[in-house]
Amino acid sequence: MWPLCVISEKLFRMAGDDGGHGTGSPSADYAQVPLARRSYCVDVPHVQQAFTWDCGLACVLMVLRTLGIHCCHGIADLESLCRTTSIWTVDLAYLLNKFSVSFSFFTVTLGANPQYSAESFYREQLQEDIDRVDELFGKALEAGISIQCRSISAYDIAFLLLSGHCIAIALVDKSKLNSSWMNDVQQLNEDSDYMGILPVPGSGKG
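Sequential numbering of the sequence shown, starting at 1, is according to the UniProt record's numbering.
This is the structure in structure tokens:
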């Protein structure tokens, strides 16, 4: 697990390094954030992904268990609800919505990004996924899912996590995490792409 205090410290440093907090972010500098706000720990039941594609489902299951929602027995139950092993972030949004979890969905691309065809991880199934993923995005509002097409800064993520009221699931490229992040990992799943920033790195699609 990645302790939340470690994640938060690093996110605040990242925000300080790039000199910005993003639109609508709190204006306080990292150094001005009270120490108590920099370390907030939540006990998250760890769920080990079974395959290279199910880290997003593992993260959703961790969120559900953290919230005390025990209406599914394991990742296989979530897979049956998705009816695919090609999991995209929008699939996770539909799962969370099905279990009445309140959440915000931020993305810089509405629909399947065709540029992913250059990535080996996406290439094999991208063409098959495009129509399905675009349809999910198109029906999201009708399904009660609000999708915000914008980025969110590292500072904002840390600020929300330290409020004690939020859990974050983020899509990351593990190969691009620098060594200072990796050195703090206690348990790291192989080929992980999704990460529950509450804590646990988990491979999935944007």
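Ideal placement from N, C-alpha and C gives every residue a C-beta, glycine not left out. Being a predicted model, the structure only gives us computed values, none of them experimental.
Check whether residue i and residue j have beta carbons under 8 Å apart
i    : j    : result
S86  : Q115 : no
A112 : D129 : yes
F106 : R150 : yes
I167 : Y94  : no
V42  : W88  : no
V90  : L141 : no
I152 : C59  : no
Supposed close pair residue i, residue j - CB separation, criterion 8 Å
i    : j    : result
L61  : L78  : 6 Å
L44  : I75  : In the sequence on display, residue 44 carries Val and not Leu. About 16 Å separates the two Cβ atoms, so there is no contact after all.
I147 : L171 : 14 Å between Cβ atoms; not a contact.
Best match in the options for proximity to residue i [C-alpha to C-alpha]
i    : options              : result
V63  : L92, T84, I152, D156 : L92
L160 : D131, F103, K139     : F103
D54  : Y155, I157, T84      : T84
G164 : Q49, L67, G138       : L67
Touching by the beta-carbon criterion (3+ pairs, under 8 Å), the stretch 89–108 and the stretch 66–74: yes
Within the stretch 76–133, ranges of the beta strand (DSSP E) (whole runs, at least 3 residues): 105–107
Runs of beta strand (DSSP E) lying entirely within the stretch 128–168, each at least 3 residues, in chain order: 147–149
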